[in-house]
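Counting in the numbering used here, the final residue of the sequence shown is number 124, and the numbers go up one at a time with none missing. Just so it is clear, CB atoms sit at the ideal spot from N, CA and C, and this is done for glycine as well. Data block below; observations after.
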Amino acid sequence: MFWRSVVLVLAVALGATACAGEVEAEAEASDAVGDSGGRVFVLSIEGGELVGGVRREEASIGEKITINAFGDGAEQIHIHGYDLYLGLENGEGSIVFDALIPGRFEIEFEESGRLIIELTVK
């Protein structure tokens, strides 16, 4: 019985790993609420462009924001107003910050200036 349980757990774990790409693709199109109650934005970057185009996002003042970016290049992302930068190393990067400043902020590729997200904090 013990070995059946071990095999079942391994099968489930391998299945979850195989489906990770599908889960990531679904997350790109929507916002998620993080474990801490904050907002999580997942960005997929291909050929220097944001997959799905420019996004409009909202957050409440004081909310924790997490941006997870995955891409095929060495992009640097700039969060205006907060003056934060997110660099992609080995195709991925992450940044967490508290949305303490109200207003509308551009999040863009630093080099090209192309808009990625228009973030409204209120």
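PHE43 is positioned such that its CB atom lies closer than 8 angstroms to that of GLU59. Per DSSP, the unbroken beta strand (DSSP E) holding ARG106 starts and ends at 105-111.
Ranked by Cα distance from ALA76, the options ARG57, TYR87, LEU102 are led by TYR87. For ALA71, the enclosing beta strand (DSSP E) covers residues 66-73.
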